[in-house]
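Participant: Provided herewith is a single structure, encoded as structure tokens, for subsequent inquiry.
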Amino acid sequence: MMLPAPIELASFGLLAMALLLQCLGLPRSSLLAGAAAIGLAAYCGLLQLLGLLAVVLAAGLSYVVYRFPRPAWTALWLALLLALALHVLPGFDNPLLWQGKLTPDSQPYRLFWSFDKGVAGWLLLLGLHDAPHHGRAWGGTVAAVGVLLLVLVLALAQESGMVAYAPKLPAWLLPWLFANFFLTAMPEEALFRHGLQRWLENRVEPLPALIAASLLFGAAHVAGGWGWVGLATLAGLGYGLVYAATRQVALAALAHLAFNTAHLLLFTYPRPG
1055 MMLPAPIELA
1065 SFGLLAMALL
1075 LQCLGLPRSS
1085 LLAGAAAIGL
1095 AAYCGLLQLL
1105 GLLAVVLAAG
1115 LSYVVYRFPR
1125 PAWTALWLAL
1135 LLALALHVLP
1145 GFDNPLLWQG
1155 KLTPDSQPYR
1165 LFWSFDKGVA
1175 GWLLLLGLHD
1185 APHHGRAWGG
1195 TVAAVGVLLL
1205 VLVLALAQES
1215 GMVAYAPKLP
1225 AWLLPWLFAN
1235 FFLTAMPEEA
1245 LFRHGLQRWL
1255 ENRVEPLPAL
1265 IAASLLFGAA
1275 HVAGGWGWVG
1285 LATLAGLGYG
1295 LVYAATRQVA
1305 LAALAHLAFN
1315 TAHLLLFTYP
1325 RPG
């Protein structure tokens, strides 16, 4: 395993701080931390010219959407953030920390720290700061149901043969936890729960909004086949219930992290070969 250089670590650390500060409702402090992260990333080569231009444009659109919300601006902003999150834009040198098979019967896995996806999640949360939300928190019982549903998803995955019991403790667990929370779970929950589910709840009843957001989350996993789409949809329901119960995107991301961590430590990861 190879860790990023110290200045790259500092850039990712500042990006993580920006995400946390935004979740705590401190947008000005978050903006300072995020700007410092982008500056360091550009200085050390994580962000190259085209990547820097894309991030600056996305940041400008985040401000425009926040101050002057219009459907056309919002659509362009979301399209750019999705392109960043899906790694389709050039200009990013995301460091590869490890690659190989965790167990002999698993597919190969590569552990990246993806600055583009992390910054997309941060800019999404920043642009949605103070966005109206008419839903109420459903309470702790609903959160518990969401967590139990996530346990059920893992059991269904094992019973269906989509994963197999394979306990392990990778040497790179801590870097993986950082990446999975700040650069995977947080951006995805920002999009599907704090973005999509919240937006739908302002237009339809909360339960249809939860189901629709979960179905779209499942559809995003179509590359893994229909079985993975079904399991991801159920997992999305679990994350969505945690979000609906608390209205905290960070808690939904923690549920997402806990699910992924159980998958990594106890079962074939990312999936059987």
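Residues are numbered in the numbering used here as their position in the sequence shown, beginning at 1, plus a constant of 1054.
For glycine and all other residues, C-beta sits at the position ideal for the given N, C-alpha and C.
Smallest Cα separation from L1236: which of A1064, S1065, A1070 and A1059?
Facilitator: Numbered from its first residue, the sequence shown carries residue 1236 at position 182. Here the sequence assigns Phe to residue 1236, which means Leu is not the residue at that position. Residue A1070 is the option with its Cα nearest to F1236.
Participant: For Y1219, does the three-state DSSP call read helix, strand or coil?
Facilitator: The count along the sequence shown starts at 1 and reaches residue 1219 at position 165. Strand, per DSSP.
Participant: Apart from the five residues just before and just after W1152, which ones in its own chain have a Cβ nearer than 6 Å to its Cβ?
Facilitator: Position 98 of the sequence shown, counting from 1, holds the residue named residue 1152. Excluding positions up to five away in sequence, the list reads M1055, L1165 and W1226.
Participant: On a CA-only basis, which of A1108, D1184, V1199 and A1095 is nearest G1079? Give me that one, please.
Facilitator: Walking along the sequence shown from the start, residue 1079 turns up at place 25. Minimum Cα distance to G1079 is reached at D1184.
Participant: Could you check the C-alpha separation between P1162 and A1220 for me, to the nearest Å?
Facilitator: Taking the sequence shown and counting its residues from 1, one reaches residue 1162 at position 108. Taking the sequence shown and counting its residues from 1, one reaches residue 1220 at position 166. Whole-angstrom Cα-Cα distance: 15 Å.
Participant: Does the beta-carbon distance from Q1102 to G1145 come in below 7 Å?
Facilitator: Your numbering for residue 1102 matches position 48 in the sequence shown. Your numbering for residue 1145 matches position 91 in the sequence shown. A contact, by the Cβ cut-off of 7 Å.
Participant: For L1204, I'd like the list of residues in its chain whose CB is within less than 7 Å of its CB, leaving aside the five on either flank, ordered along the chain.
Facilitator: Your numbering for residue 1204 matches position 150 in the sequence shown. Correct list, in chain order: A1289, G1292, A1309 and F1313.
Participant: Thinking C-alpha only, which one of R1257, L1270, P1241 and A1277 is nearest A1072?
Facilitator: The residue given as residue 1072 occupies position 18 in the sequence shown. It is P1241.
Participant: Between which two residues does the beta strand (DSSP E) carrying F1166 extend?
Facilitator: By one-based count along the sequence shown, residue 1166 stands at place 112. Segment Y1163 to F1166, the beta strand (DSSP E) holding F1166.
Participant: For L1101, does the three-state DSSP call read helix, strand or coil?
Facilitator: Counted from its first residue, the sequence shown places residue 1101 at position 47. Of the three classes helix, strand and coil, the one that applies to L1101 here is strand, per DSSP.
Participant: May I ask you to verify whether the stretch 1267 to 1274 touches the stretch 1167 to 1179, counting CB pairs closer than 8 Å and requiring at least 3?
Facilitator: Contact fails: fewer than three Cβ-Cβ distances are below 8 Å.
Participant: Beta carbon of G1278: closer than 6 Å to some heavy atom of the ligand ZN?
Facilitator: Among the components modelled here there is no ligand, and therefore nothing to report on the ligand ZN.
Participant: Between the Cα of W1282 and the Cα atoms of V1110, G1215 and R1121, which residue gives the shortest distance?
Facilitator: Here residue 1282 is taken as the residue at index 228 of the sequence shown, counted from 1. Residue G1215 is the option with its Cα nearest to W1282.
Participant: Tell me which residues share the same chain as G1088 and place their Cβ nearer than 6 Å to its Cβ, disregarding the 5 neighbours each side in the sequence.
Facilitator: On the sequence shown, position 34 is the one that residue 1088 refers to. Answer for G1088: A1072 and W1176, listed in chain order.
Participant: Restricting to Cα atoms, I'd like to know which of P1060, L1094, G1093 and D1159 is closest to T1322.
Facilitator: The residue labelled residue 1322 in the question sits at position 268 within the sequence shown. For T1322, the nearest C-alpha among the options comes from D1159.
Participant: Which residues mark the beginning and the end of the alpha helix (DSSP H) in which Q1212 is found?
Facilitator: Here the question's residue 1212 lines up with position 158 in the sequence shown. Looking at the DSSP string, the run of the alpha helix (DSSP H) that includes Q1212 is G1194 to E1213.
Participant: Under 7 Å, do G1279 and Q1251 count as touching if we go by C-beta distance?
Facilitator: Here residue 1279 is taken as the residue at index 225 of the sequence shown, counted from 1. Here residue 1251 is taken as the residue at index 197 of the sequence shown, counted from 1. Their beta carbons are not under 7 Å apart, which means G1279 does not touch Q1251 by this criterion.
Participant: If you follow the alpha helix (DSSP H) that Q1302 is in, where does it begin and where does it stop?
Facilitator: Residue mapping note: residue 1302 aligns to position 248 of the sequence shown, counting from 1. No alpha helix (DSSP H) holds Q1302; DSSP gives it neither H nor E.
Participant: Beta strand (DSSP E) containing L1068: first to last residue?
Facilitator: For the purposes of this step, residue 1068 is taken as residue 14 along the sequence shown, with counting starting at 1. Per DSSP, L1068 belongs to no beta strand (DSSP E); it is in the alpha helix (DSSP H), P1060 to C1077.
Participant: In terms of residues, what are the limits of the beta strand (DSSP E) holding G1249?
Facilitator: Counting from 1 along the sequence shown, the entry for residue 1249 is found at position 195. Neither: G1249 is in no beta strand (DSSP E) and is coded neither H nor E.
Participant: Taking the straight line between their C-alpha atoms, what separation do you get for L1254 and P1186?
Facilitator: Your numbering for residue 1254 matches position 200 in the sequence shown. Your numbering for residue 1186 matches position 132 in the sequence shown. Their Cα atoms are separated by approximately 11 Å.
Participant: Relative to the C-alpha of L1285, which candidate in L1245, L1318 and A1209 has its C-alpha closest?
Facilitator: As a working note, residue 1285 is residue 231 in the sequence shown. That would be A1209, whose Cα lies nearest to the Cα of L1285.
Participant: Relative to the alpha-carbon of V1207, which residue among G1099, T1287 and R1325 has its alpha-carbon at the smallest distance?
Facilitator: Within the sequence shown, numbered from 1, the residue matching residue 1207 stands at position 153. Out of G1099, T1287 and R1325, T1287 has the C-alpha closest to the C-alpha of V1207.
Participant: What ranges does the alpha helix (DSSP H) occupy inside the stretch 1264 to 1302, keeping only unbroken runs of at least 4 residues that lie completely in it?
Facilitator: Entirely contained in the stretch 1264 to 1302, the alpha helix (DSSP H) runs reaching 4 residues are, in chain order, 1280 to 1300.
Participant: If L1094 and S1084 are in contact, beta carbons under 8 Å, what's the gap, nearest whole angstrom?
Facilitator: For the purposes of this step, residue 1094 is taken as residue 40 along the sequence shown, with counting starting at 1. For the purposes of this step, residue 1084 is taken as residue 30 along the sequence shown, with counting starting at 1. No, L1094 and S1084 are not in contact; Cβ-Cβ is about 16 Å, not under 8 Å.
Participant: For R1247, does the count of other Cβ atoms within 10 angstroms reach 16, so buried, or fall short, so exposed?
Facilitator: On the sequence shown, residue 1247 is found 193 positions in, with the first residue counted as 1. Result: buried.
Participant: How close, in whole Å, do the beta carbons of A1299 and A1191 come, if the pair is a contact with beta carbons under 8 Å?
Facilitator: One-based indexing of the sequence shown puts residue 1299 at position 245. One-based indexing of the sequence shown puts residue 1191 at position 137. Right, their Cβ atoms sit about 6 Å apart.
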